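The next block holds one structure in the form of structure tokens; read it before the comments.
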Amino acid sequence: MRWRCVPAVALFALGASAAVAQPVSAEEVPYVRTPQAVVDKMLDLAEIGVDDFLIDLGSGDGRIVITAAQQRGARGFGVELDASLVEASNEAARMAGVAARAQFFERDLFDTDIREASVLTMYLLPSVNLLLRPRLLAELRPGTRVVSHDWDMGEWQPDAKVVLQGQAKPVMPMKTSTVYLWIVPARVAGTWNLQVEGAAGQESIAIEFTQRFQEIAGVAARARGRTLLQSAHLRGPEIRFALIDETRRPSEPLHFFGRVYGDTMEGTVMEGATAKGSRWRALRGG
Ligand SMILES: C[S@@+](CC[C@H](N)C(=O)[O-])C[C@H]1O[C@@H](n2cnc3c(N)ncnc32)[C@H](O)[C@@H]1O
């Protein structure tokens with residue numbers, strides 16, 4: 010499949026607000042360095058630390074991975090099409106004393122295995138972000154932080170966004186940089202069979218979640234009668250929601266807090282503000 014070509018430098022020059030997302034060929038993404046203050050903000054927003062593995066897609070002179078290794082103790086690699094930039098990045102990593110933790114490969118980002126990343130960074134183009142979006146959602150572990158300089162992900166709303174003023178970039182007329190953060194959500198859409206275990210015995214509840222990126226909603230069916238599912242919230246693998254027994258008025262909501270592990274989710278239940286001491290577990294249904 011061929012993509013419609015848009016002169017990428019022209020798109021960079023338009024700035025984020027005027028850019029229209031449409032697929033382009035990946036080799037058109039020009040080399041423009043992220044200013045160091047913006048690199049620092051990207052790493053801050055990702056809350057990157059020693060346990061993280063960073064992958065920078067289109068790594069330019071390597072500054073994002075090298076900064077993460079040198080200043081935050083993270084490990085990672087960058088991939089870049091331009092062989093001279095790859096060589097310069099590996100040399101810069103050696104000079105910075107982080108060559109064992111920051112590596113650079115001459116590789117197409119579309120052929121790069123991204124599953125190892127706990128943090129993924131990019132400064133590409135809006136259309137390239139949209140091409141990558143399905144892979145990010147399908148291949149990255151829930152909770153992985155995705156950070157993009159200047160370009161968003163279309164309808165996938167960011168979990169955080171910061172605008173920095175006074176950032177000079179060679180092809181941008183505006184001196185602003187926007188940094189976006191997304192937390193890859195667990196996949197919860199579908200039917201779940203939930204069991205609550207408590208002093209009063211076991212109860213089974215059937216739940217159907219709908220999901221659009223990190224936005225979730227649900228309906229619950231409970232043997233004891235009409236039940237409302239409210240306040241459903243997902244952040245990476247962390248989920249919470251409340252069930253309200255509509256047959257008992259007034260009734261304290263049951264607050265469920267838990268974590269999604271593939272086809273299982275589990276956690277604890279609170280009734281109102283008091284711990285009920287109960288655990289819950291849900292399995293994905295057919
Ligand atoms: C805007 S620069 C960003 C460089 C660096 N990440 C930074 O923020 O300073 C984008 C880089 O992506 C590289 N690039 C473009 N298409 C690529 C592809 N398909 N695979 C790997 N790198 C690519 C370009 O050569 C360029 O160096």
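Be aware that the sequence shown starts at 10, since it is given in the working numbering, and climbs by one per residue. Every residue, glycine too, gets a C-beta built ideally from N, C-alpha and C. Quick caveat, the model's predicted, so the values are computed rather than measured.
- request: Using DSSP bridges, identify the partner residues of residue 65.
  value: Residue numbering aside, residue 65 sits at position 56 when the sequence shown is read from its first letter. Residue 65 pairs with 87, 130.
- prompt: By Cβ distance, which residues of its chain are closer than 6 Å to residue 110, with the 5 residues on each side in sequence left out?
  reply: Mapped onto the sequence shown, residue 110 falls at position 101. Within the same chain, residue 110 has close Cβ partners 78, 84.
query: Okay, do the segment 239 to 254 and the segment 170 to 184 touch, 3+ Cβ pairs below 8 Å being the bar?
result: no
query: Which residues in the same chain have their Cβ closer than 6 Å to the Cβ of residue 291, if we skip the five residues on either side of it in sequence?
result: One-based indexing of the sequence shown puts residue 291 at position 282. So the qualifying residues of the chain are 201, 203, 274.
message: Please report the distance separating the alpha-carbon of residue 270 from that of residue 150.
response: Against the sequence shown, residue 270 aligns to sequence position 261. Against the sequence shown, residue 150 aligns to sequence position 141. For residue 270 and residue 150, the distance between alpha carbons rounds to 10 Å.
- request: Spell out the partners DSSP gives residue 120 in its beta bridges.
  value: Walking along the sequence shown from the start, residue 120 turns up at place 111. BP columns for residue 120 are empty, so no partner.
field: residue 63 beta carbon less than 8 Å from that of residue 171
entry: Position 162 of the sequence shown, counted from the first residue, corresponds to residue 171. Position 54 of the sequence shown, counted from the first residue, corresponds to residue 63. Result no, Cβ atoms of residue 171 and residue 63 do not sit closer than 8 Å.
query: For residue 250, is the classification buried or exposed, using 16 other Cβ atoms within 10 angstroms of its Cβ as the cut-off for buried?
result: Your numbering for residue 250 matches position 241 in the sequence shown. Looking at its Cβ environment, which holds 16 or more other Cβ atoms inside 10 Å, residue 250 is buried.
task: Please name the residue in 130, 213, 218 whose C-alpha comes closest to that of residue 233.
output: Taking the sequence shown and counting its residues from 1, one reaches residue 233 at position 224. It is 213.
- prompt: How is the beta strand (DSSP E) around residue 112 delimited, first residue to last?
  reply: Position 103 of the sequence shown, counted from the first residue, corresponds to residue 112. Segment 111 to 115, the beta strand (DSSP E) holding residue 112.
field: Residue(s) in a DSSP beta bridge with residue 93
entry: Within the sequence shown, residue 93 is the residue found at index 84, counting from 1. According to DSSP, residue 93 bridges with nothing at all.
message: Taking the alpha helix (DSSP H) that residue 372 belongs to, which residues open and close that run?
response: Any answer about residue 372 is impossible in this case: the structure gives the chain only from 10 up to 295.
task: Please classify residue 143: is it buried, with 16 or more other beta-carbons within 10 angstroms of its beta-carbon, or exposed?
output: Along the sequence shown, one-based indexing puts residue 143 at 134. Residue 143 is exposed by the Cβ-count criterion.
field: Cα-Cα separation, residue 96 to residue 124
entry: Within the sequence shown, residue 96 is the residue found at index 87, counting from 1. Within the sequence shown, residue 124 is the residue found at index 115, counting from 1. Residue 96 and residue 124: Cα-Cα distance of roughly 24 Å.
task: Verify the contact flag: residue 250, CB atom, against every heavy atom of ligand 1, threshold strictly below 7 Å.
output: Taking the sequence shown and counting its residues from 1, one reaches residue 250 at position 241. Not so, every heavy atom of ligand 1 lies at least 7 Å from the Cβ.
field: beta strand (DSSP E) runs contained entirely in the segment 181 to 223, provided each spans 3 or more residues
entry: 185 to 192, 199 to 207, 210 to 221
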